[in-house]
Amino acid sequence: MPGTPDLSLTIYRGTTEIGGNCVELRAGPTRIVVDVGVPLIDSRGELFDTRSLKGKSKQSLLDEGILPNVPGLFRGDLHPDAILLSHAHLDHSGFLGQTQPRIPVYASEGTSKMMLAGSVFANGEEIPKKRFRKLQPGRPKTIGDFRVTTFPVDHSVYGSSAFLIEAGKKTVLYSGDLRLHGRNPEMAEQLLKALKNQTMDALLMEGTHLGGSRRQRVTEHNLDEQISEQVQRAEGLALVSFSPQHVDRLMGFLNAAKNAGRTFVADAYTAFVIYLVHRQLDLVDPSADEEIRVFYPYYFARKRRSKLHDMFRPRQITLDEIRQNPSDFLMMFRPSMLDSDFHGKLPDGATVLYSQWEGYLDRQDWQETERRLAASGGKLVPVHTSGHILEEDMVRFVREIDPRVVIPIHTLRPERLGDLCERVHRLENGQAYEVG
Ligand SMILES: [Zn+2]
């Protein structure tokens, strides 16, 4: 019947792994793809490195099963009508550069900004201007037979979204990555409120924490207090390591610096992220404000001079200045700076506040950082909370959405959702599912 197309969905990757999300939805002749993520782990069990894609043909990446085999997404004539990106993390967006350039890309403005920053500083891909279609919260967009409405959600990267996807009378909610214990719990509340009277045929629910070890509930506000306390307590140079695209975390460190009477020293990457969002979020302007200084790490300083080099020049600080009064500063740090900038020697008694996934601590560069810290009387202090929804919040979220089926995604333990919720429907990668 015209006007009431059937809606089907296929998860190409993500049914039994964390990361690599890629979902195709079909209604009538229209096809949209939600997220084009790289896997978090490669076939050797190591962290996936996007640099490993360089120099390989798309066909060989498809043959090796690295690219998901979505018809026309990477090559071929019949390409999907749109790509939707829920957020800028590489496990949701990292294959964008491999997709066919004629496919338009729908995302929030925040996601496009974070991807721009990632492309300049972190081997990421930006969304090309010609392909970018901005999604604005609460303003539905029509894409062929689909209607897509975006909701901002709280996650560990600025600009994250959930998508309500409708075709005819069928409705699907794609949670993206989200949490209820972040800086903006009202985002999820608004989403739940907006969908209160809506029948939901299917909910694609992120399940990163399904079946994991029980975690203490640490909200981003609890963490702000821990961070402030640690920065107050630090005696020498306070260093901090986290993803600058996690702007909610960044705000915690900016505040902690202020409270402790220290000056925040952004590296060029962090300064650029702050610059991109400072108006919306009422943050300091790293190209002008006295409260902030900008350090040019060796890899950035030696790059060909660009607008960025000039933009932050008025606030630039050198390591000599920092070494003279180390206890005046709270400074962004990453292990690559150990040799290239600190020449192997951290100032005595430095504290590194480690604010990201604990798994990275097993990497050789972090092990080396810990050794050098210990050698100079310093220490590493973990201060972190997850960007993903906790099990108890998942139960509440699913109950309030009250979907006909809930489909786990972005999880190693999809079966666990069945212990927590009713009407769970598990899919295999590549298996088509008729919605409703
Ligand atoms: Zn994510």
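Just so you know, we're using the working numbering here: the sequence shown kicks off at 91 and counts up by one.
Ideal placement from N, C-alpha and C gives every residue a C-beta, glycine not left out.
All values reported here derive from a predicted model rather than from experimental measurement.
Among the options, nearest to residue i - alpha-carbon criterion
{"i": "residue 398", "options": "211, 188, 153 and 148", "result": "211"}
{"i": "residue 284", "options": "401, 300, 241 and 299", "result": "241"}
{"i": "residue 396", "options": "253, 368, 358 and 448", "result": "358"}
{"i": "residue 549", "options": "225, 228 and 203", "result": "Coverage of the chain is limited to positions 91 through 526, which leaves residue 549 absent and any answer about it impossible."}
{"i": "residue 253", "options": "388, 519, 282 and 478", "result": "282"}
{"i": "residue 413", "options": "348, 102 and 328", "result": "328"}
{"i": "residue 226", "options": "251, 215 and 247", "result": "251"}
{"i": "residue 171", "options": "238, 111, 153 and 416", "result": "238"}
{"i": "residue 243", "options": "163, 451 and 178", "result": "178"}
{"i": "residue 314", "options": "299, 331, 103 and 342", "result": "342"}
{"i": "residue 527", "options": "113, 107, 220 and 449", "result": "Nothing in the structure corresponds to residue 527, since the chain is present only between 91 and 526."}
{"i": "residue 504", "options": "222, 298 and 117", "result": "298"}
{"i": "residue 249", "options": "257, 277 and 260", "result": "277"}
{"i": "residue 287", "options": "419, 490 and 99", "result": "490"}
{"i": "residue 360", "options": "459, 350 and 390", "result": "390"}
{"i": "residue 176", "options": "301, 275, 403 and 224", "result": "224"}
{"i": "residue 335", "options": "219, 235, 207 and 507", "result": "207"}
{"i": "residue 261", "options": "99, 267, 162 and 350", "result": "99"}
{"i": "residue 401", "options": "273, 247, 352 and 366", "result": "366"}
{"i": "residue 352", "options": "463, 415, 191 and 362", "result": "415"}
{"i": "residue 449", "options": "393, 332, 145 and 423", "result": "332"}
{"i": "residue 116", "options": "108, 167, 234 and 356", "result": "234"}
{"i": "residue 173", "options": "221, 145, 508 and 362", "result": "221"}
{"i": "residue 356", "options": "144, 476, 121 and 330", "result": "330"}
{"i": "residue 245", "options": "131, 338, 193 and 317", "result": "338"}
Chain-order list of residues whose beta-carbon lies under 7 Å from that of residue i (same chain, five-residue window excluded)
{"i": "residue 485", "result": "510 and 511"}
{"i": "residue 386", "result": "358 and 406"}
{"i": "residue 488", "result": "293, 295, 496 and 511"}
{"i": "residue 91", "result": "A caution first: residue 91 carries a pLDDT of 46, below 50, which makes its placement in the model unreliable, though a value can still be read off. So the list is empty, once near-sequence residues are dropped."}
{"i": "residue 517", "result": "101, 105, 497 and 523"}
{"i": "residue 157", "result": "148, 151, 164, 185 and 188"}
{"i": "residue 480", "result": "271, 299, 305 and 307"}
{"i": "residue 519", "result": "101, 102, 103 and 105"}
{"i": "residue 368", "result": "374 and 375"}
{"i": "residue 111", "result": "103, 104, 125, 127, 181, 182, 499 and 500"}
{"i": "residue 68", "result": "Summary: the structure shown does not reach residue 68, with the chain confined to residues 91 through 526, and so no result is reported for it."}
{"i": "residue 502", "result": "106, 107 and 108"}
{"i": "residue 168", "result": "161 and 162"}
Residues that residue i bridges to, as DSSP identifies them
{"i": "residue 261", "result": "256"}
{"i": "residue 203", "result": "Beta-bridge pairing links residue 203 to no other residue."}
{"i": "residue 356", "result": "384"}
{"i": "residue 114", "result": "100 and 123"}
{"i": "residue 237", "result": "232 and 256"}
{"i": "residue 524", "result": "98"}
{"i": "residue 109", "result": "129"}
{"i": "residue 441", "result": "328 and 469"}
{"i": "residue 251", "result": "242"}
{"i": "residue 137", "result": "131"}
{"i": "residue 321", "result": "BP columns for residue 321 are empty, so no partner."}
{"i": "residue 514", "result": "496"}
{"i": "residue 223", "result": "196"}
Neighbourhood of residue i by C-beta, 8 Å cutoff - its chain only, sequence neighbours within 5 removed
{"i": "residue 493", "result": "263, 290, 291, 292, 293 and 513"}
{"i": "residue 455", "result": "425, 426 and 428"}
{"i": "residue 459", "result": "425, 428, 442 and 470"}
{"i": "residue 159", "result": "102, 152 and 520"}
{"i": "residue 432", "result": "409"}
{"i": "residue 135", "result": "none"}
Contacting residues, own chain, Cβ-Cβ under 6 Å from residue i (five flanking each side not counted)
{"i": "residue 474", "result": "445"}
{"i": "residue 256", "result": "237"}
{"i": "residue 354", "result": "344, 347, 382 and 420"}
{"i": "residue 373", "result": "364"}
{"i": "residue 230", "result": "237 and 239"}
{"i": "residue 47", "result": "Within the shown structure, residues of the chain are numbered from 91 to 526, placing residue 47 beyond reach of any answer."}
Would you call the stretch 462-481 and the stretch 441-452 touching, i.e. three or more CB-CB distances under 8 Å? They touch, by the three-pair rule.
Three or more C-beta pairs under 8 Å: does that hold for the stretch 119-129 against the stretch 170-188? Contact between the stretch 119-129 and the stretch 170-188 is established, with three or more Cβ pairs separated by less than 8 Å.
Inter-stretch contact at 8 Å, needing at least 3 Cβ pairs: the stretch 135-142 / the stretch 196-209: As far as the Cβ criterion goes, the stretch 135-142 does not touch the stretch 196-209, which means the pair count is below three.
Which ranges would you report for the alpha helix (DSSP H) in the stretch 362-427 if only whole runs of at least 4 residues count? The stretch 362-427 contains these whole alpha helix (DSSP H) runs: 388-391, 397-401 and 409-414.
Inspect the CB distances between the stretch 513-521 and the stretch 298-311 and report whether three or more fall short of 8 Å. No contact exists between the stretch 513-521 and the stretch 298-311.
Touching or not, the stretch 367-381 and the stretch 406-424, by the rule of three or more beta carbon pairs under 8 Å? Segment contact: the stretch 367-381 against the stretch 406-424, fewer than three CB-CB distances shorter than 8 Å; contact not assigned.
Can we say the stretch 313-329 touches the stretch 519-526, given the rule of at least three CB pairs closer than 8 Å? The stretch 313-329 vs the stretch 519-526: no contact.
Alpha helix (DSSP H) runs wholly inside the stretch 144-218, at least 4 long, in chain order: You should have 148-153, 180-183 and 199-211.
Restricting to runs no shorter than 3 residues, where is the beta strand (DSSP E) found entirely within the stretch 265-297? The stretch 265-297 contains these whole beta strand (DSSP E) runs: 292-296.
Tell me the start and end of each unbroken alpha helix (DSSP H) in the stretch 447-497 that is at least 4 residues and wholly inside, in chain order. Residue ranges of uninterrupted alpha helix (DSSP H) with 4 or more members, entirely inside the stretch 447-497 and ordered along the chain, are 454-465 and 481-491.
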